[in-house]
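Chemist: Sending over a structure as structure tokens; questions will come in a sec.
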Amino acid sequence: MVTYQYRCPACGDVDVRRPMGEASTQLSCPRCGAGARRVFTGPHTRLVAPGLVAALDTAGASAENPQLVTSVPTAAGPPRRPAHPLHARLPRP
650 MVTYQYRCPA
660 CGDVDVRRPM
670 GEASTQLSCP
680 RCGAGARRVF
690 TGPHTRLVAP
700 GLVAALDTAG
710 ASAENPQLVT
720 SVPTAAGPPR
730 RPAHPLHARL
740 PRP
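The sequence shown begins at 650 in the working numbering and counts up one residue at a time.
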């Protein structure tokens, strides 16, 4: 279900939930019955998780202004021990 917004001349903005693609350009106002015209608005992006917004912003900034690497990264240090003791017996590449 999608929320569509209509504007009634008497009541103001009215939200109506309908299946996607089944919204008409005019609707009788559910409050007063007057003719309400559909208002085309942007998507409700405020419902997006903050972590996803940050990741999208970082990806967009990287596409336009990538950070340059000036040196080879250093080694991470000695290999970590496996969390499970039996994993230590597995063959290593």
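Think of the CB as a built atom: it goes at the ideal place given N, C-alpha and C, for glycine as much as any other residue. Because the structure is a prediction, the values reported are computed rather than measured.
#1: Identify which residue in Arg738, Gly700, Arg656 has its Cα closest to the Cα of Arg638.
#2: Expressed to the nearest angstrom, what Euclidean distance is found between the alpha-carbon atoms of Gly684 and Met669?
#3: I believe Gln716 touches Val688 by the beta-carbon criterion, under 8 Å. Please report the beta-carbon distance rounded to the nearest angstrom.
#4: Entirely within the segment 650-690 and at least 3 residues each: give me those beta strand (DSSP E) ranges in chain order.
#5: In chain order, what residues of the same chain have a beta carbon less than 8 Å from the beta carbon of Leu701, not counting five sequence neighbours either side?
#6: Roughly how many whole angstroms lie between the Cα atoms of Ala732 and Asp664?
#7: Keeping to the same chain, check which residues put their C-beta closer than 8 Å to that of Ala672; ignore five residues upstream and five downstream.
Modeler: Taking the geometry as given:
#1: Any property of residue 638 remains undetermined from this structure, which presents the chain solely from 650 to 742.
#2: The sequence position of residue 684 within the sequence shown is 35, counting from 1. The sequence position of residue 669 within the sequence shown is 20, counting from 1. A straight line joining the alpha-carbon of Gly684 with that of Met669 spans about 21 Å.
#3: In the sequence shown, counting from the first residue as 1, residue 716 sits at position 67. In the sequence shown, counting from the first residue as 1, residue 688 sits at position 39. The beta carbons of Gln716 and Val688 sit about 42 Å from each other, so the pair does not count as a contact at 8 Å.
#4: Qualifying beta strand (DSSP E) stretches, in chain order: 651-657, 661-667, 675-677, 684-688.
#5: For the purposes of this step, residue 701 is identified with residue 52 of the sequence shown, where counting begins at 1. Closer than 8 Å at Cβ, skipping near neighbours: no residue.
#6: Residue numbering aside, residue 732 sits at position 83 when the sequence shown is read from its first letter. Residue numbering aside, residue 664 sits at position 15 when the sequence shown is read from its first letter. Per the coordinates, the alpha-carbon of Ala732 lies some 54 Å from the alpha-carbon of Asp664.
#7: For the purposes of this step, residue 672 is identified with residue 23 of the sequence shown, where counting begins at 1. Within its own chain, the residues whose Cβ lies closer than 8 Å to the Cβ of Ala672, once the five positions on either side in sequence are excluded, are Val651, Tyr653, Val665, Arg687, listed in chain order.
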